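S.K.: Encoded as structure tokens, here's the structure I'll be asking about.
Numbering (our numbering), first residue to last: 11 to 228.
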């Protein structure tokens, strides 16, 4: 009995944190969806499905469709960008850059472990239209026309958020991709090279098919 419970000592802390910062907030969010709580009042009244009916009435339907469209665009764009960039970086660090490969992996993975609050504050400062680093740089090199109100302009707010989320999440997927690439037997590539296959042919006929399970999971 003791041997079976022993692994729980190691997983217990992670499970507690997962419960506190993911499960509990999710349950509370589900509960508050059926109340009239406005996030700052101490008064909470159960209203049933009134909030959900409001989505489709009193002009709420147009906003709902806009929110739904933005959510779909954000989800699809971040998935495609993270996967493509992570795969490219994984290939580069596995087959291309040999020198200081471990250092580069750590640097590229670092954004994934940063708290979202820190990332938000940093990029809010960088993308500030008046004093932000990005616009300051663009104006400094004579590209004033490219300076935008990144988080305010309706045409740039969503792309900006997509870019920030991609930057933060690509390192985590890259590590998974590297593990998948390292699991592919080298004999396949050696046999392909003997048969005269180019690097591009090896990628599409060996790497990509064998990486599909990893790509599907990520």
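Every residue gets a Cβ at the ideal spot worked out from N, C-alpha and C, and that includes glycine. For clarity, every value in this text was computed on a predicted model and none was experimentally measured.
1. Taking C-beta to C-beta, are residue 115 and residue 188 nearer than 9 Å?
2. Just the C-alpha distance for residue 204 and residue 198, rounded to the nearest angstrom, thanks.
3. Residue range of the alpha helix (DSSP H) that residue 61 falls in?
4. If you draw a straight line from the C-alpha of residue 11 to the C-alpha of residue 33, how long is it?
5. Go ahead and pull the three-state DSSP assignment for residue 85.
6. Do the region 48-68 and the region 148-162 meet, that is, are 3 or more Cβ pairs less than 8 Å apart?
7. Since residue 95 contacts residue 180 with CB under 8 Å, what's their CB separation in whole angstroms?
8. Starting from residue 226, trace the alpha helix (DSSP H) both ways and give me its first and last residue.
9. What are the boundary residues of the alpha helix (DSSP H) that includes residue 164?
10. Indicate whether the contact test is met: 3 or more Cβ pairs, each with one atom in the region 199-219 and one in the region 117-127, closer than 8 Å.
11. Would you say residue 129 and residue 159 are within 9 Å of each other, going by their C-beta atoms?
12. Compare the beta carbon distance of residue 29 and residue 44 with 9 Å and say whether it is the shorter of the two.
13. Less than 6 Å between C-beta atoms, sequence neighbours within five positions excluded: which residues of the same chain meet that for residue 143?
14. Taking buried to mean at least 16 other C-beta atoms within 10 Å of its own C-beta, is residue 21 buried or exposed?
M.R.: On the basis of the supplied data:
1. yes
2. 10 Å
3. 60-65
4. Bear in mind that the predicted position of residue 11 carries a pLDDT of just 47, short of 50, making it unreliable; the figure below should be weighed with that in mind. Roughly 28 Å between the two C-alpha positions.
5. helix
6. no
7. 5 Å
8. 218-227
9. Looking at the DSSP string, residue 164 is not in any alpha helix (DSSP H), and its letter there is neither H nor E.
10. no
11. no
12. no
13. 136
14. exposed
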